[in-house]
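Asker:
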Ligand code: GLN
Ligand code: ZN
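In this note's numbering, the protein residues as written are 2 to 784.
1) Need the endpoints of the alpha helix (DSSP H) that residue 447 sits in, please.
2) Flag this pair as touching only if the segment 654-667 and the segment 597-616 have three or more C-beta atom pairs under 8 angstroms; answer yes or no.
3) Express the C-alpha separation of residue 243 and residue 176 in angstroms, rounding to a whole number.
4) By DSSP, does residue 477 sit in helix, in strand, or in coil?
5) Roughly how many whole angstroms lie between the Cα atoms of residue 122 and residue 144?
6) Checking 8 angstroms against the spacing of the C-beta atoms, do residue 754 and residue 716 come in under that value?
7) Keeping to the same chain, check which residues put their C-beta closer than 7 angstroms to that of residue 221; ignore five residues upstream and five downstream.
8) Quick one: what's got a C-beta closer than 7 angstroms to residue 9's C-beta in the same chain, skipping five residues either side?
9) How is residue 248 classed by DSSP in three states: helix, strand or coil?
10) Among the residues of its own chain, which have a CB less than 7 angstroms from the CB of residue 617, if the five just before and after it don't count?
11) Select from 479, 686, 576 and 554 the residue whose C-alpha is nearest the C-alpha of residue 434.
12) Please report the straight-line C-alpha distance between residue 376 and residue 638, rounded to a whole angstrom.
13) Whole angstroms is fine: what's the gap from residue 595's alpha carbon to residue 688's?
14) Where does residue 34 fall in DSSP's three states?
15) Please give the ranges of any alpha helix (DSSP H) in the segment 36-84, keeping only runs that are unbroken, at least 4 residues long and fully inside the region.
16) For a minimum of 3 consecutive residues, which ranges assigned as the beta strand (DSSP E) are wholly contained in the segment 296-370?
17) So who's on the other strand from residue 719, going by DSSP bridges?
18) With a threshold of 7 angstroms (Cβ to nearest heavy atom), would residue 549 be considered close to the ligand GLN?
19) Just to confirm my understanding: we take residue 667, look at its own chain, exclude 5 residues before and 5 after, and list those with CB closer than 6 angstroms. What are they?
20) Take the Cβ of residue 186 as the centre, count every other Cβ of all protein chains shown within 10 Å, and call the residue buried at 16 or more, exposed below.
21) Please classify residue 579 as buried or exposed, where buried requires at least 16 neighbouring CB atoms within 10 angstroms.
22) Decide yes or no for the touch test of the segment 70-79 against the segment 103-122: beta carbon pairs closer than 8 angstroms, at least 3 of them.
23) Going straight from the alpha carbon of residue 672 to that of residue 648, what length do you get?
24) Assign residue 775 to one of three DSSP states: helix, strand, or coil.
25) Do residue 519 and the ligand GLN come close, with the Cβ less than 7 angstroms from some heavy atom?
26) Which one or two residues does DSSP pair with residue 120 in a beta bridge?
27) Between the alpha carbons of residue 683 and residue 704, how many angstroms are there, rounded?
28) Using a Cβ-Cβ cut-off of 8 angstroms (strictly less than) and excluding sequence neighbours within five positions of residue 80, which residues of its own chain qualify?
29) Round the Cβ separation of residue 497 and residue 566 to the nearest angstrom and send it over; I've been treating them as touching at under 8 angstroms.
30) To the nearest angstrom, how far is it from the Cα of residue 588 to the Cα of residue 418?
31) Counting C-beta neighbours from all protein chains within 10 Å, is the total for residue 309 16 or more, i.e. buried, or is it exposed?
32) Rounded to a whole number of angstroms, what is the C-alpha to C-alpha distance between residue 520 and residue 486?
33) Taking a contact to mean a Cβ-Cβ separation below 8 angstroms, would you say residue 525 touches residue 586 in this structure?
34) Buried or exposed for residue 114, please, with buried defined as at least 16 other CB atoms from any protein chain shown within 10 angstroms of its CB.
35) In whole angstroms, give me the CA-to-CA distance for residue 750 and residue 252.
Pasting the structure below:
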C-alpha cells in the first residue's frame, strides 16, 4: 500500500486561533500554561484532520509558536549571548525575546524562507560557539501525538540547511529586526545588515552541531519513533561545492548512532544535480518536489536503491489550485511500477504556505471554488491518488471525475479567458517597452516642465494610517458609512496631507494613500481576474498573517482605480502631485498566481492594466507617477541560472506599464531593501526616471554599488529609517546626503525617507520631515 504522509500542516488554525492566543499571551490576558494548552489543542485538531484525510504518518514539530527555524535554534542551544540565557532549557521569555525583542535587546533578524513569503528568524553563529540540547519541545510533542495513537514523524530542519540559512555575526553586535532577502547568504559580504568583521566560515561549526542532532535522533528512537524527517531544502539552491561535499560525512555520522529511519526532504526546486549523492546517502528515504521540478524524477528512478523509500510531492503545497489528478497519476505510474510499496506520497512541500481549509469559504461562488484546494483539500487529493494507484482508478472514480471537470472548466471558462486581453498581449509582440526618448532627453523635458530645485524633496507615498482612517474604511465596508461620506472622509485626509506637505515645503507631493488598505489588495480589488477569500490566511512571520489575492483569470482594468483621488489631490496644490501605483511584479509576487500560464504572461497582463491607469492619470494632468516595485528582487528564482530570464521579463513588465508616458512625464519607482548589487543592470533596465531606495540603515553604503555601476538615472537614497519612531536630526541627514554626493552627481540626487510613512504616527512624521526639508536646504546651499 502506498504510504500517505505530510511534510507540515499550517499552524495558524482555521480561525487564526494561534494569533489570538499569542496576542492574548503578550498582552498578559492569558498565562503561559493557557497559551501552551491552546497550542496543544491546535496540534491535536490538526493531527486529527490529517488523519481523517487519510494521512498515515503525521508530521510532528512542524507546529511552532513563532517560527520553526527559531525552534531549531532553541532546540540546538544557539542562543545569541546578548539574551543573557544561561539555564538548562530555554524559557518562554528568552524564546519571545529572540523572536520579538525585549526591553533591552532587539529581536533577531528575519529573512524570507527561500522564495516564499514566509519569514524565518535567522540563526546567528560565532566562532567557537557550542551547541547543546536546550529544549524538550520536540520530544513532548512526539509523546502528545503518540498518546493519541498516531504514527508520528518528527520534522527537523536538517543540519546543513540549518547552518546555511544562518549568518556569522559578532556576538557583541546589535541586530536589527529587518526583513532581508535569502540570497543575502552571508553577512560577511552583505550590505545593510549588521555585519561583523570577525568573519569565519559557519560550515566549520558542523562537527559541533552533529552530536546534538545525534542526541535528538537517539532520543526519538527511545520514544519509539520509526521515521524522522530532516528537511534539506538548501539542496535546491546553488550551494558551494564544499557545502555539498559536507552532506555525505554529516549523514554518515547521523546514521551511525541509534536513530530512527531518516527521510531527507527536499523541495522548492530540482535536486537532480545531486541525485547521485542523495541516492548514496545512508538515509532511508528521499522526498522530491515534483510540482516545481517534475523532470527530476527520472534522475532518481534510474538505479534507485532497493532499500530506500521515495516520497513524491505531486500536489502543490504552495498554491491554491486543485490538482490535475490524471496528470499526477501519469507522472506517478512509472514510479509506482518500479517501487511498489516503497513509493510514498505527500504534498510537494509543507502546507505551511497554503491557506487552511476551503470549506470555510462560504462566499466564493461554486465555480471558482471548484477550481481551488487549500491544505485540507490537498491532503484529500494525495489520499485519492494513493487509492487510485493501489486499487485502480475505479476506486477513485468520482473524485477523479470531479478533478477532471475542474481542470476542463478552468481551461475553457470565459471568466478566465478574456479574448481582448489575449489580443492585446499578441499585439504587444516583442515590443520591449522602451519610452520614446532616451533618459537624457526626458530629463531635460522634465526639468523644463517641473523646475524643481537641486536635491528635490519628496516622500514615498503613504502618510500615517490613523485609527480614524481605519475606522472609516471598516464602516464603509460594513455599509455603515455611505460611499459619499467615505469619499468625504478620505478627501479630508488627503487635504490635510497636502496642506502639511506644503507647510513643510516639500517639492513633490503625494496624496498619502489613506484609501488603501494594502498596496496590492487595493488594486486587486479593482482589477478583473482577481478574487478574494474570507479566511485564506497564510503565515508571513510570527503572528503576522497575510491573505493574498487570488489571480485566477486574465487581468484587465475595467475602470480607473486611482484617478479620482490623485486628481482631487492635485486640485489642492500648485506643486506637482505624484500619482501612486503598484507595479506588475509586486502585484504578482504578493498574490496566489494562476498555474495554467507562465508567470511572465500574468505579469504582462497586469502591466497592461497598470499602463491603462497610468495613461488615465496623465490624461488627468498628473505629471509625476511612481510605480512601486518593492517585490522586484524577491521574485528572483532560487537558481542563478534562471535569474536572467526572470529579470528580463520583470524589467520588461515594468517598462510596458510606463511606456506610454511622454518625455515630460516623470516615472518614479521605489524599492525597499538593501541588496541591489547583483541586480543593478536589471534595475537600470527598468529605466525609471527616478528610483527611491532604502539606504539610511546602511549609511548610504548601498549607493556605492549604484556609483560603481554608473547607474544613469536619478536616485533618491532614503535619508531616514521609517521603521523606527526615532526622529533623526538635520545634521545626520545632511551627513548622509554628503556621503551620497561623493558617489552620485548632485544633479541626479533626491531627498526622501527610506519608505512610506503609513506605520508611523504624525508626531514622529512631522518633525522628521521638517528636518529632512531643512537638510535639503543646507545641502543645496553647499552645492
Ligand atoms: N507607496 C508605498 C507606501 O508609501 C510603498 C510601500 C512599500 O514600498 N512597501 O507605503
Ligand atoms: Zn518601501
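Every residue gets a Cβ at the ideal spot worked out from N, C-alpha and C, and that includes glycine. Source: prediction; values computed, not measured.
Answerer: The answer reads as follows:
1) If you number the chain shown from 1, residue 447 lands on position 446. Note, residue 447: alpha helix (DSSP H), 440-451.
2) yes
3) As a first step, residue 176 must be located in the chain shown, where it is residue number 175. As a first step, residue 243 must be located in the chain shown, where it is residue number 242. In this prediction, residue 176 scores a pLDDT of 48, lower than 50, which makes its location untrustworthy; the coordinate-derived value is nonetheless stated afterwards. Straight-line Cα distance between these residues: approximately 28 angstroms.
4) Here residue 477 corresponds to residue number 476 of the chain shown, with the count starting at 1. The answer is helix: DSSP assigns residue 477 an H, G or I state.
5) If you number the chain shown from 1, residue 122 lands on position 121. If you number the chain shown from 1, residue 144 lands on position 143. Distance between the alpha carbons of residue 122 and residue 144 is about 26 angstroms.
6) The residue labelled residue 754 in the question sits at position 753 within the chain shown. The residue labelled residue 716 in the question sits at position 715 within the chain shown. The answer is no: Cβ separation not under 8 angstroms.
7) Indexing the chain shown from 1 puts residue 221 at position 220. Here the set comprises 143, 155, 229 and 261.
8) For the purposes of this step, residue 9 is identified with residue 8 of the chain shown, where counting begins at 1. Taken in chain order, the residues that qualify are 60, 63, 156, 351, 352 and 353.
9) The count along the chain shown starts at 1 and reaches residue 248 at position 247. Three-state DSSP puts residue 248 in a helix.
10) Looking up residue 617 in the chain shown gives position 616. Hits under 7 angstroms: 561 and 564.
11) Locating residue 434 in the chain shown gives position 433, counting from the first residue. Per the Cα distances, 686.
12) Locating residue 376 in the chain shown gives position 375, where the first residue counts as 1. Locating residue 638 in the chain shown gives position 637, where the first residue counts as 1. C-alpha separation (whole angstroms): 24 angstroms.
13) Position 594 of the chain shown, counted from the first residue, corresponds to residue 595. Position 687 of the chain shown, counted from the first residue, corresponds to residue 688. Answer to the nearest angstrom: the Cα atoms are 28 angstroms apart.
14) The residue given as residue 34 occupies position 33 in the chain shown. In this structure, residue 34 counts as helix in the three-state DSSP scheme.
15) 69-76
16) 310-316 and 344-348
17) Here residue 719 is taken as the residue at index 718 of the chain shown, counted from 1. Bridge partners of residue 719: 753.
18) To locate residue 549, count along the chain shown from 1; it is residue 548. No - the ligand GLN has no heavy atom lying nearer than 7 angstroms to the Cβ of residue 549.
19) The residue given as residue 667 occupies position 666 in the chain shown. Excluding positions up to five away in sequence, the list reads 447, 625 and 690.
20) Within the chain shown, numbered from 1, the residue matching residue 186 stands at position 185. Note that residue 186 has pLDDT 32, beneath the 50 cutoff, so the model's placement of it is unreliable and no number is given.
21) Start at 1 with the first residue of the chain shown, and residue 579 comes out as number 578. So residue 579 counts as buried.
22) yes
23) By 1-based counting over the chain shown, the position of residue 672 is 671. By 1-based counting over the chain shown, the position of residue 648 is 647. When rounded, the distance between both Cα atoms is 15 angstroms.
24) The residue you call residue 775 lines up with position 774 of the chain shown. Residue 775: helix per DSSP, three-state reduction.
25) Here residue 519 refers to the residue found at position 518 when the chain shown is read from its first residue. No, the beta carbon of residue 519 sits no closer than 7 angstroms to any heavy atom of the ligand GLN.
26) Within the chain shown, numbered from 1, the residue matching residue 120 stands at position 119. DSSP, once it has assigned bridges, lists 113 as partnering residue 120.
27) For the purposes of this step, residue 683 is identified with residue 682 of the chain shown, where counting begins at 1. For the purposes of this step, residue 704 is identified with residue 703 of the chain shown, where counting begins at 1. Roughly 16 angstroms separates the two Cα atoms.
28) In the chain shown, residue 80 corresponds to position 79, counting from 1. 74, 86, 91, 95, 99 and 135, listed in sequence order.
29) Reading the chain shown from its first residue, position 496 is the one you call residue 497. Reading the chain shown from its first residue, position 565 is the one you call residue 566. Not really, about 14 angstroms apart at Cβ, beyond 8 angstroms.
30) Stepping through the chain shown from its first residue, residue 588 is reached at position 587. Stepping through the chain shown from its first residue, residue 418 is reached at position 417. The straight-line gap from Cα to Cα measures roughly 19 angstroms.
31) For this step, residue 309 is matched to residue 308 along the chain shown. Residue 309 should be labelled buried.
32) Position 519 of the chain shown holds residue 520. Position 485 of the chain shown holds residue 486. Those two C-alpha atoms are separated by around 23 angstroms.
33) As a first step, residue 525 must be located in the chain shown, where it is residue number 524. As a first step, residue 586 must be located in the chain shown, where it is residue number 585. The answer is no: Cβ separation not under 8 angstroms.
34) Position 113 of the chain shown, counted from the start, is the residue given in the question as residue 114. Buried is the call here.
35) Here residue 750 refers to the residue found at position 749 of the chain shown. Here residue 252 refers to the residue found at position 251 of the chain shown. Answer to the nearest angstrom: the Cα atoms are 53 angstroms apart.
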